[in-house]
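>
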Amino acid sequence: MDIGKAFTFIFDDEDVIKKLLIGTIVFIIPIVNFAGFGYLVHLIKNVEEDLEPPLPDWDNFGGYFMDGLKVLIGLLVYSIPMLLVGCALVVTSIAIQRGVNPADAGIAIRIVAACLSCFILIFALLPYGLMPAIFVRFAETGELSSVFRIGELWSFIQQDVG
Numbered sequence: 586m587d588i589g590k591a592f593t594f595i596f597d598d599e600d601v602i603k604k605l606l607i608g609t610i611v612f613i614i615p616i617v618n619f620a621g622f623g624y625l626v627h628l629i630k631n632v633e634e635d636l637e638p639p640l641p642d643w644d645n646f647g648g649y650f651m652d653g654l655k656v657l658i659g660l661l662v663y664s665i666p667m668l669l670v671g672c673a674l675v676v677t678s679i680a681i682q683r684g685v686n687p688a689d690a691g692i693a694i695r696i697v698a699a700c701l702s703c704f705i706l707i708f709a710l711l712p713y714g715l716m717p718a719i720f721v722r723f724a725e726t727g728e729l730s731s732v733f734r735i736g737e738l739w740s741f742i743q744q745d746v747g
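The sequence shown begins at 586 in this note's numbering and counts up one residue at a time.
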């Protein structure tokens with residue numbers, strides 16, 4: 586593997602400026618930026634297939650949008666535990682504020698927040714730790730279900746790390 590190539594391959598494309606400008610604009614606009622994530626999926630696919638130039642053209646916006654949406658749905662599902670713990674933190678904080686002396690509520694909320702924040706951190710790392718594997722597996726298969734095959738994702742991560 587040529588590490589230097591990983592940082593310079595985009596400049597081998599004569600349309601790099603146009604593609605990067607379009608990508609920048611796409612990523613700035615909410616909802617439309619789903620297409621940017623789909624573009625990344627197709628970039629991964631092009632690199633895997635050793636296509637030249639690996640940067641895809643922006644000629645399949647609808648396809649990029651749908652692929653990006655699928656990948657982001659997968660990441661959202663992996664984020665559900667973090668969201669649930671965050672909701673528990675909010676509900677607990679409100680309950681403490683309503684049932685305790687205001688002076689004591691601040692201390693109790695800080696203690697609960699400190700405890701639950703540890704869980705939030707752990708659950709937040711899950712989707713980010715899996716993100717590269719999720720993108721690569723989806724690029725290989727094009728199937729949303731591949732994002733949820735934990736065993737395959739874990740094997741992929743172990744194979745490339747170890």
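Note that the Cβ used here is the ideal one computed from N, Cα and C, for glycine as well.
Quick check on the burial criterion: 16 or more other C-beta atoms within 10 angstroms. Buried or exposed for A620?
Within the sequence shown, the letter at position 35 stands for residue 620. By the 10 Å Cβ count, A620 comes out buried.
> Mind pulling the alpha helix (DSSP H) runs of 4 or more residues that sit fully within the stretch 609–657?
Taking only runs of at least 4 residues, the alpha helix (DSSP H) segments lying wholly in the stretch 609–657 are 619–633.
> Am I right that F755 and G659 are in contact with their C-beta atoms under 8 Å? What's the rounded C-beta distance?
Here the chain has residues from 586 to 747 only, and residue 755 is not among them.
> R734 by DSSP, collapsed to three states: which one?
For the purposes of this step, residue 734 is identified with residue 149 of the sequence shown, where counting begins at 1. Three-state DSSP puts R734 in coil, outside helix and strand.
> What three-state label does DSSP hand G714 in the structure shown?
Looking up residue 714 in the sequence shown gives position 129. If DSSP states are grouped into helix, strand and coil, G714 belongs with the helices.
> Mind checking I719: buried by the 16 CB within 10 Å criterion, or exposed?
Stepping through the sequence shown from its first residue, residue 719 is reached at position 134. So I719 ends up on the buried side.
> Is it the case that the stretch 671–679 contacts the stretch 629–645, given that we only count it when at least three CB pairs across the two stretches are under 8 Å?
Taking 8 Å as the limit for Cβ pairs, the verdict is that the stretch 671–679 does not touch the stretch 629–645.
> For D652, does the count of other Cβ atoms within 10 angstroms reach 16, so buried, or fall short, so exposed?
Counting from one through the sequence shown, the residue named residue 652 turns up at place 67. Buried.
> So what does DSSP say about E599, is it helix, strand or coil?
Within the sequence shown, residue 599 is the residue found at index 14, counting from 1. E599: coil per DSSP, three-state reduction.
> Mapping the DSSP letters down to three states, classify G589 as helix, strand or coil.
By 1-based counting over the sequence shown, the position of residue 589 is 4. Three-state result, G589: helix.
> If we count the other Cβ atoms within 10 Å of its Cβ and call it buried at 16 or more, is K655 buried or exposed?
The residue labelled residue 655 in the question sits at position 70 within the sequence shown. Counting Cβ neighbours within 10 Å, K655 comes out buried, since at least 16 surround it.
> Could you tell me whether the stretch 592–604 touches the stretch 693–711, where touching means 3 or more Cβ pairs closer than 8 Å?
Touching, no, given that fewer than three Cβ pairs across the two stretches are closer than 8 Å.
> Report the residue from D598, L625 and G671 whose alpha carbon sits nearest the alpha carbon of T609.
For the purposes of this step, residue 609 is taken as the residue at position 24 of the sequence shown. Among D598, L625 and G671, the Cα nearest to that of T609 is on L625.
> Note down, in chain order, each residue of its chain lying with its Cβ closer than 8 Å to the Cβ of R722, except the 5 sequence neighbours on either side.
For the purposes of this step, residue 722 is identified with residue 137 of the sequence shown, where counting begins at 1. These residues qualify, in order along the chain: S731, V732, R734, E737, L738 and F741.
> Is it the case that the Cβ atoms of L711 and Y649 are separated by a distance below 9 Å?
Here residue 711 corresponds to residue number 126 of the sequence shown, with the count starting at 1. Here residue 649 corresponds to residue number 64 of the sequence shown, with the count starting at 1. No.
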